[in-house]
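Chains as they are written, first to last, in the numbering used here: chain A, 2 to 365; chain B, 658 to 942.
Backbone N, C-alpha and C define an ideal beta-carbon position, used for all residues, glycine too.
Quantities reported herein were computed from a predicted structural model and do not represent experimental measurements.
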Amino acid sequence: MAQIEVQNLHKSFKTGKVLNGVSLDAETGQIVVIFGPSGTGKTVLLRLIAGVEEPDAGTIMLQGRDMTEAAPEARGVGMAFQNFALFPHMSAYDNIASALTAGPMTAMQIKAKVDKVAALLKITHVMQHAPRELSNGQKQRTALARALVSDPRILLLDDPLRNVDAKLRYEMRLELPSLLKASGSTVLYVTQDYKEAMALGDKIAVLLDGAFVQIATPAEVYRKPASLGVAQLFGDPALNMVPAAPVLRNGAPVFELGGATLAMPVSYAGAAGRDCVIGIRPEALVVEEQPGPGSFPVEVVAVTPLNEKSVLLLRTMDGRELLASEPGDEVASRRHGPACARFDADSILVFDAASGLRIASQLN
Amino acid sequence: MEHTSTLERLIRGVLIALVLLFFLFPIFWIFLMSFQTNEDILRIPPSVLFTPTISNYQALITGKLVTVAGTLDIAFMKNLWNSVLLSTVSVGLALILGVPAAYAFARFKFPLSEDIAFTLLSFRFAPPLLVLLPLSLYYEQIGLTDTYVGLIWVYQLIALPLILWIVRGYFEDISPDIESAYRIAGHSWWRTFTRIAVPLAGPGIAASGLLAFIFCWNNFVFALILASADKQPVTVGSLAFVTASGIQYGQIAAAIVLSITPTLAIALWAQRYLVEGLSLGAVKG
């Protein structure tokens, strides 16, 4: 059964339209990541589902019941806010317990539940501290504990790792999936970090300009992005984009790049004669000293060693700049100057230049 | 700022002493006057050496003012009690009305909300004398002249806008997410208001309540026109010391000491909240 079923939600503020016909559903126990750049309405969508904002149009079904007009306290959801939203005048313990005090539990039962979730999140030692005495990481864990403690069937997490430092974010990214799976809740997780989205999501819903442009598994979003906009959001460094007009030569599609004519997989024959944008992932570009089949001449302009990988800035003969990413940084220093680059033709993404939509390879 | 030269410290000390002297000397002098007879007070040149007397306080507390012309009955203790009653009830009522109203203005945007809020503030702009004449005529007609209810009602003109506007700023400073989080945790609107919004705006409510109390306590014209002797507060009651046989400076001084004591005590007790309250909104990130 779909735990969350959102249909055709619209929401405008004085500043303009934020959500423009958004539909989404999530099955029991699923983690759905709502991903998109800032200002696309991710938080607004969560707030609508939580009931702290009212939609202009559309319906919100939670656990099979229409909750579009219900008060926030009647919806039975748990939510963690990006800015933590802890109650500054209560201890960490009381903050967490606040999610239970409205219910029928006795103080003893509440204490048992709070202690359990605090132990799970490793914050037992700060339970009597006020929020201002907590580090950002502890605040974030307290906020998560408050959302989790009542075992909500539906958990809304609004970019909970946004305001914590990089090391902690990395740790939490590893811890969160098992924690969330163990809770058995259906999770909507908002983030604008694509790595977080890939690491946590059973599926990713990409929100751009107030509408979902793709809802799919992480692998699918990465390998078969619905549009150029989606492809640009996933990957670091970002996708290389090469405007091109493929033509058929001997029945096979080819395109021009940096003075070389490069072959495309035959399955893209349909793209011939259209204005396209060819997307090449930086990690698919291989830079070599010697020319080889399918390679084109480039100049290595700059090298950024990043320990686990090096990012190379390449310039093609026609002045186009491309980024290449390769594992390791040992060879990086001697790479400046002329070189050759090639890529696996099967790895390219082809988009229609006008609409931005991906042109599917006819084989898949 | 760790290293300050001796000269700097000296100058700072002198300046602080001057400021303290400027503000505290009148109070100190009145305190001395309250233990002097009229003859001591009017002596030229004045002197700090005198035989202290408690006759001024005695006259105020027993209500018998002994002058050369005879004995007068004065209602000072009654006036003091009136001041306490009027100020406390007025501020209490203004808090009950003003705090929820301030919350509404801070949180909900409804038609004309800004206009209504501004109109309420504008009551503070109008000189009291402007409204006094029509007000006293109306009060006459509806029977509110010389009643506590009538005075408390008109004191709302002083207390309500003050509380409304100060507390509104505090509510606006509370992140709406904090209240949303409490709602989502399963609590009703009313519980969220009483358990989250009001405690977090607490310093502002305390500060505005104290300011309103002081303004009410110091009010003079409303009570002078709209009430008679047995309902009047100390500010008006002190006029009784201007008698046919002369001005009773000693009793006036004693009356001042007695009448500033409650506000001074509250101010000292609430100083912490007041300073915190008045600056919190400004420095919070």
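query, result
"Limits of the beta strand (DSSP E) - the one that A/P38 falls within", "It is not in any beta strand (DSSP E) - A/P38 carries neither H nor E in the DSSP assignment."
"Chain A within 9 Å of B/T744, Cβ atoms only", "Per the sequence shown, the amino acid found at residue 744 of chain B is Ser instead of Thr. Closer than 9 Å: no."
"For A/D26: DSSP bridge partner residues", "A/E6"
"Straight-line gap, A/D57 to A/G22 (C-alpha atoms, nearest Å)", "10 Å"
"Segment contact, 8 Å Cβ cut-off, at least three pairs: the segment 908-919 of chain B with the segment 684-700 of chain B", "yes"
"Distance, B/N876 Cα to B/I809 Cα", "12 Å"
"A/Q139 versus A/A93: straight-line alpha-carbon distance, rounded", "9 Å"
"First through last residue of the beta strand (DSSP E) which encompasses A/Q215", "212-217"
"Partner residues on chain B for A/P1, Cβ-Cβ distance less than 9 Å", "Nothing about residue 1 of chain A can be read from this structure; chain A reaches only from 2 to 365."
"DSSP bridge partner residues for B/D730 (one or two, in chain order)", "B/K721"
"Cβ-based burial, B/F733 [other Cβ within 10 Å; buried from 16]", "buried"
"Reduced DSSP secondary structure (H/G/I, E/B, other) of A/N84", "coil"
"Close-in-space but distant-in-sequence residues of the same chain around A/R133 (CB under 8 Å, 5 per side omitted)", "P89"
"Neighbour flag for B/A838 against chain A, beta carbons, 9 Å", "yes"
"A/N21 - DSSP class collapsed to helix/strand/coil", "strand"
"Residue-chain proximity (B/D834, chain A), Cβ-Cβ < 9 Å", "yes"
"Paired residues, beta bridge with A/F352 - DSSP", "A/V278, A/R359"
"Any alpha helix (DSSP H) of 4 or more consecutive residues that is wholly inside the segment 213-293 of chain A", "219-224, 229-234"
"Near-chain B residues of the segment 83-97 of chain A (beta-carbon distance less than 8 Å), N- to C-terminal order", "N84, A86, L87, F88, P89, H90"
"Cα-Cα separation, A/L20 to A/R163", "22 Å"
"Candidates B/A674, B/I711, B/L769, B/R929: closest to B/G907 by CA position", "B/I711"
"Three-state secondary structure (DSSP) of B/L937", "Confidence at B/L937 is low in this model, with a pLDDT of 47, below 50, so its placement is unreliable and the value that follows should be read with caution. In the structure shown, B/L937 sits in a helix (DSSP, three-state: H, G or I)."
"Helix, strand or coil at A/H126 [DSSP, three-state]", "helix"
"Residue closest to A/C341, alpha-carbon to alpha-carbon, out of A/E54, A/I360, A/R316, A/I205", "A/R316"
"Proximal residues of chain B, C-beta to C-beta of A/P161 below 9 Å", "What A/P161 touches in chain B: nothing, since even the nearest Cβ is about 13 Å away."
"Chain A contact residues for B/L857, given Cβ-Cβ distances below 9 Å", "F88, P89, H90"
"Proximity of A/S228 and A/S356 at Cβ, strictly below 9 Å", "yes"
"Three CB pairs or more closer than 8 Å across the segment 45-65 of chain A and the segment 151-159 of chain A", "yes"
"Cα-Cα separation, B/V824 to A/V118", "37 Å"
"B/L667 versus B/L675 - alpha carbon distance", "12 Å"
"The segment 263-283 of chain A in contact with the segment 229-248 of chain A per 3-pair CB rule at 8 Å", "yes"
"Minimum Cβ-Cβ distance from B/A939 to chain A less than 9 Å", "Unreliable positioning characterises B/A939 in this predicted model, as indicated by a pLDDT of 41, which lies under 50. The coordinate reading is nonetheless provided below. Chain A contact via Cβ: absent."
"Beta-bridge partners of A/G338, as assigned by DSSP", "A/V301"
"Contacts of B/G670 in chain A (Cβ-Cβ under 7 Å)", "Those do not exist, as B/G670 stays about 35 Å from chain A at its closest Cβ, beyond 7 Å."
"Residue span of the alpha helix (DSSP H) that contains A/R316, given as start and end", "A/R316 -> not in any alpha helix (DSSP H); beta strand (DSSP E) instead, spanning 310-317."
"Which residues DSSP lists as bridging A/K12, in chain order", "A/L20"
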